[in-house]
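Residue numbers (the working numbering): 9 to 228. Glycine included, every Cβ here is placed at the ideal spot set by N, Cα and C. Quick caveat, the model's predicted, so the values are computed rather than measured. Here is the structure we will look at, set down as C-alpha cells.
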C-alpha cells in the first residue's frame, strides 16, 4: 500500500486507494466477502505447472486463514484444482468455476461476480493467484469501503498515485491484482466486453489493466 493518504474518487465511478489506517471492525465482515481468482492454462496443457500449483496452494491456505468464501475461475483441469485444494486445506471448500470460453479476461471476471451474487456476498475481492492478502490488508480495504464506494485497492508499482480527486485511467484506478469491489454496484453492469480490448488496438498498460506483480501488498 505504501504510506500514501487515502484517495477517494467521487462521481459515477467511485474508487479509493488505501492509505492511512482507519478504525478496525470485526473480522466477521470477512464472511461477507468472496475472494475471486483465476487460473488460465494453455489449451494443450496436460498438467498444472509446478510454480502455478504452489501459488494455488498458497492461495487456498491464505483464503482459509482469512475466513472468506473462495472461488477460482478455470478453463481446464477443474478436477485437479479441486484435488489440490482439498490436499492443502482439508474441509475448506474452494469453489471451482469452469469458464471454457475465456476471451481475454472479462468472461472469467463476470463468472466470479455472478457467483458472488448467488452467494449473497456484499464484496468481491479480485486477486491474482500469486497475491496473498493478509488479514491486516483486507481489514484496511474494508475500512475504506464506505457506502458510496465502488472499489478499493492498494497502490502497486506502476500506479500513478496522487492525493485528491483524479480522472480514472489505467494508472489511477485500482487493479484486479488485488481490489475489493461492491458486489451490488459492480453487478449493475458487470465488466463490459469492451474491457477485453479492441481487436486491432494494442493495450495501453498491459493485460487486465495491471503491471506484473513484484510483491504482495504490505500493511504499512
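Among the options, nearest to residue i - alpha-carbon criterion
{"i": "residue 139", "options": "70, 178, 42", "result": "70"}
{"i": "residue 184", "options": "44, 37, 72, 40", "result": "44"}
{"i": "residue 78", "options": "55, 58, 39", "result": "39"}
{"i": "residue 87", "options": "55, 195, 127", "result": "55"}
{"i": "residue 95", "options": "123, 59, 64", "result": "64"}
{"i": "residue 156", "options": "193, 208, 170", "result": "193"}
CB-CB length for residue i against residue j, believed under 8 Å
{"i": "residue 90", "j": "residue 104", "result": "5 Å"}
{"i": "residue 204", "j": "residue 114", "result": "5 Å"}
{"i": "residue 131", "j": "residue 41", "result": "5 Å"}
{"i": "residue 129", "j": "residue 82", "result": "About 20 Å; that fails the 8 Å criterion."}
Alpha carbon of residue i to alpha carbon of residue j, nearest angstrom
{"i": "residue 61", "j": "residue 48", "result": "12 Å"}
{"i": "residue 75", "j": "residue 162", "result": "21 Å"}
{"i": "residue 3", "j": "residue 66", "result": "Summary: the structure shown does not reach residue 3, with the chain confined to residues 9 through 228, and so no result is reported for it."}
{"i": "residue 29", "j": "residue 151", "result": "Unreliable positioning characterises residue 29 in this predicted model, as indicated by a pLDDT of 45, which lies under 50. A coordinate reading is not provided."}
{"i": "residue 111", "j": "residue 186", "result": "21 Å"}
{"i": "residue 127", "j": "residue 172", "result": "35 Å"}
{"i": "residue 109", "j": "residue 50", "result": "13 Å"}
{"i": "residue 200", "j": "residue 141", "result": "26 Å"}
{"i": "residue 174", "j": "residue 182", "result": "12 Å"}
{"i": "residue 196", "j": "residue 164", "result": "27 Å"}
{"i": "residue 37", "j": "residue 154", "result": "13 Å"}
{"i": "residue 206", "j": "residue 170", "result": "29 Å"}
{"i": "residue 208", "j": "residue 177", "result": "20 Å"}
Beta-carbon proximity of residue i to residue j, cut-off 9 Å
{"i": "residue 202", "j": "residue 137", "result": "no"}
{"i": "residue 158", "j": "residue 189", "result": "yes"}
{"i": "residue 102", "j": "residue 198", "result": "no"}
{"i": "residue 72", "j": "residue 100", "result": "yes"}
{"i": "residue 148", "j": "residue 167", "result": "no"}
{"i": "residue 53", "j": "residue 84", "result": "yes"}
{"i": "residue 46", "j": "residue 144", "result": "no"}
Proximity test, residue i beta-carbon vs the ligand HEM heavy atom, cut-off 8 Å
{"i": "residue 104", "result": "This structure lacks the ligand HEM; in fact it carries no ligand of any kind."}
Which ranges does the beta strand (DSSP E) cover as unbroken runs of at least 3 residues, wholly within the stretch 172–212, from first to last along the chain? 186–190
Curious, which full-length alpha helix (DSSP H) runs of at least 4 residues does the stretch 46–93 contain? 58–74
If you scan the stretch 120–163 from start to end, which runs of the beta strand (DSSP E) of 3 or more residues do you find wholly inside it? 131–135, 159–161
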